[in-house]
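First the structure, in the form of structure tokens, and then the observations on it.
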Amino acid sequence: MNGIRRDILEMLTGIRSEASPRRSIKIIPNDFPYPEKKLDFHANVFNARARRFYERHGASVVEPAFETLSATTGKTVMTTRYCIRYQLNLCPGMQPPGSPVKGPLRLKDAHHTYRLDFDCGQCRMFVTLER
1 MNGIRRDILE
11 MLTGIRSEAS
21 PRRSIKIIPN
31 DFPYPEKKLD
41 FHANVFNARA
51 RRFYERHGAS
61 VVEPAFETLS
71 ATTGKTVMTT
81 RYCIRYQLNL
91 CPGMQPPGSP
101 VKGPLRLKDA
111 HHTYRLDFDC
121 GQCRMFVTLE
131 R
């Protein structure tokens, strides 16, 4: 029974491969300018090959990838449209005028504390490593 199943699976895989052949696209190196001129850890430049790529496109790498930094305190580790204030019904846009919104909010895990900053006009939340 397992042999029949394997044979049918192999046959179906072959039919699928023939129906949608893989297209080969040749990558042509270029030096089109990169939109940003100075790249910080958000660009995630982890190795020399990535650094050469960005430099070839006219950008300078100011900071390497986050994982390689020795001093990470104060760095924004995440920017998100998810808002914990909104989730907890503490969004200033949903509160009556003059209602106090407690702050600053923080998240803690076993090793770090993160400060939450909010850009309510853009509906964004920033998670910043405190310690």
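The sequence shown maps to residues 1 to 131 in the working numbering.
Quick reminder that beta carbons are idealized off the backbone N, C-alpha and C, glycines included.
All of these numbers come straight from a predicted model, not from anything done at the bench.
Spatial neighbours of residue i within its chain, please: CB distance less than 8 Å, with the 5 preceding and 5 following residues excluded, ordered by chain position.
i    : result
L39  : V45, Y54, A59, S60, V61, V62, E63
P104 : R115, L116, D117
F32  : H57
Identify whether residue i lies in helix, strand or coil by the three-state DSSP scheme.
i    : result
D119 : strand
R81  : coil
R124 : strand
T13  : helix
T68  : helix
R23  : coil
F53  : helix
N89  : coil
D7   : helix
N2   : helix
Identify the residues that DSSP records as bridge partners of residue i: which are they?
i    : result
S60  : K38
L129 : Y114
T76  : T128
Using a Cβ-Cβ cut-off of 6 Å (strictly less than) and excluding sequence neighbours within five positions of residue i, which residues of its own chain qualify?
i   : result
T76 : F126, T128
Going along the chain, which residues of its own chain have a beta-carbon closer than 7 Å to the beta-carbon of residue i, five neighbours each way excluded?
i    : result
T68  : F46
R131 : T73, H112, T113
A65  : F41, N44, V45, F46
R51  : V45, V61
Just checking: is the beta-carbon of residue i within a distance shorter than 8 Å of some beta-carbon in chain C?
i    : result
D119 : As a matter of chain content, chain C is missing from the structure shown, which is built from one protein chain.
**Prompt:** Can we say the segment 19-38 touches the segment 86-97, given the rule of at least three CB pairs closer than 8 Å?
**Reply:** no
**Asked** Hey, is the segment 71-89 in contact with the segment 120-128, meaning 3+ C-beta pairs nearer than 8 Å?
**Response** yes
**Request:** At 3 residues or longer, and completely inside the segment 92-119: list those beta strand (DSSP E) runs for me, N to C.
**Result:** 105-108, 113-119
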